[in-house]
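**Q** Going by the working numbering, the first residue of the sequence shown is number 814, and it counts up by one from there.
By construction, the Cβ of each residue, glycine as well, lies at the ideal position given by its N, Cα and C atoms.
Quick caveat: nothing in here was measured; it's all calculated off a predicted structure.
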Amino acid sequence: MNTLIAVIYKHQEDAAAKTLARLQDLQREYLIALEDAVIVRRNADGKLHLQQSVNLISAGAATGAFWGLLVGVIFAGPLGLAVGGLGGAGLGALAGRQSDYGIDDAFIRELSVEVEPCCSALFVLVRSMTTDKVIAELEGTGGRLLKTSLPSDIEARLQQALVSAAPVPAPH
Numbered sequence: 814m815n816t817l818i819a820v821i822y823k824h825q826e827d828a829a830a831k832t833l834a835r836l837q838d839l840q841r842e843y844l845i846a847l848e849d850a851v852i853v854r855r856n857a858d859g860k861l862h863l864q865q866s867v868n869l870i871s872a873g874a875a876t877g878a879f880w881g882l883l884v885g886v887i888f889a890g891p892l893g894l895a896v897g898g899l900g901g902a903g904l905g906a907l908a909g910r911q912s913d914y915g916i917d918d919a920f921i922r923e924l925s926v927e928v929e930p931c932c933s934a935l936f937v938l939v940r941s942m943t944t945d946k947v948i949a950e951l952e953g954t955g956g957r958l959l960k961t962s963l964p965s966d967i968e969a970r971l972q973q974a975l976v977s978a979a980p981v982p983a984p985h
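1) For Ile852, write down the residues that DSSP places opposite it in a beta bridge.
2) Beta carbon of Glu848, beta carbon of Arg940: below 9 Å?
3) Let me check one thing: in DSSP terms, what residues is Ile845 bridge-paired to?
4) Report the three-state DSSP secondary structure of Val762 (helix, strand or coil).
5) For Leu924, report the span of its alpha helix (DSSP H) as first-last.
6) The beta strand (DSSP E) spanning Leu959 covers which residue range?
7) From the DSSP output, in three-state form, read off Glu826 for me.
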């Protein structure tokens, strides 16, 4: 079962990006499995910007180019290779731009009303995680939970860890 975690960082423009980087490090250590992540920022003009962790346009173009090349070579030989590859890449990029992966963008925009130009927010869809270790790693990042699908007791522990003082590294 996937778990949604949405955190807003007041007066910390780059905190969401830093937290996502920490979560991606934890993913390399197999402590968390991220399905999707989105960083939200608002510019000085008030326009909301969503930064997806998965670039769907590039992925669509690569997939489309592969299938276009394959179909082009099979049905039209060398000329089909170029035409099929370019056509497939274009159609794949268009399909990637139109698709929505993971967390619904409309849902993110609805919850992001509190994001001010000086703030950032992080929306994460988690497949699985080692809860205690992930919460310990997020300690002191300074965020406030907007919404989660976590059980109440774990949600309270996560919120407490976010607002607590950052752990002091031990001297070497």
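**A** Well, looking at it:
1) Gln864, Leu935
2) yes
3) Met942
4) Outside the shown range of the chain, which is 814 to 985, sits residue 762, and nothing can be said about it.
5) 918-924
6) 957-961
7) coil
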